[in-house]
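Asks: Residue numbers (our numbering): 4 to 69.
Even glycine gets a Cβ: it sits at the ideal position worked out from N, Cα and C.
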Ligand code: F3S
């Protein structure tokens, strides 16, 4: 599984960070540090958090790629 954060959609709601502060790190401006980086591999222990973050991002900025 991979996850990507659309840099144009992420508005810094930080719900992803609230769900997993280890996997969804924020940058210095409070946006997802993953935005615009392209697909990132999701370690097995973070797969559930990635799915939960995808479902909870109000901007639909998080996409799961199977
Ligand atoms: Fe951005 Fe959505 Fe997270 S807006 S900071 S990807 S909850």
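Going by DSSP, what residue range makes up the alpha helix (DSSP H) through residue 25?
Replies: Translated into the one-based positions of the chain shown, residue 25 becomes position 22. Here residue 25 belongs to no alpha helix (DSSP H), and DSSP marks it neither H nor E.
Asks: With a cut-off of 8 Å on the beta carbons, I'd call residue 27 and residue 37 a contact; round off their distance for me.
Replies: The count along the chain shown starts at 1 and reaches residue 27 at position 24. The count along the chain shown starts at 1 and reaches residue 37 at position 34. Their Cβ separation, rounded to whole angstroms, is 7 Å, which keeps residue 27 and residue 37 in contact under 8 Å.
Asks: Following the continuous alpha helix (DSSP H) through residue 54, name the residue where it begins and the one where it ends.
Replies: Working through the chain shown from its first residue, we reach residue 54 at position 51. Looking at the DSSP string, the run of the alpha helix (DSSP H) that includes residue 54 is 50-59.
Asks: Identify whether residue 38 lies in helix, strand or coil by the three-state DSSP scheme.
Replies: Counting from one through the chain shown, the residue named residue 38 turns up at place 35. Here residue 38 sits in strand by DSSP.
Asks: Have a look at the DSSP bridge pairing and note the partners of residue 44.
Replies: Sequence index remark: in the chain shown, residue 44 carries index 41 (1-based). Partner(s): 5.
Asks: What's the gap between the Cα of residue 25 and the Cα of residue 52?
Replies: Residue mapping note: residue 25 aligns to position 22 of the chain shown, counting from 1. Residue mapping note: residue 52 aligns to position 49 of the chain shown, counting from 1. Cα-Cα distance, rounded: 10 Å.
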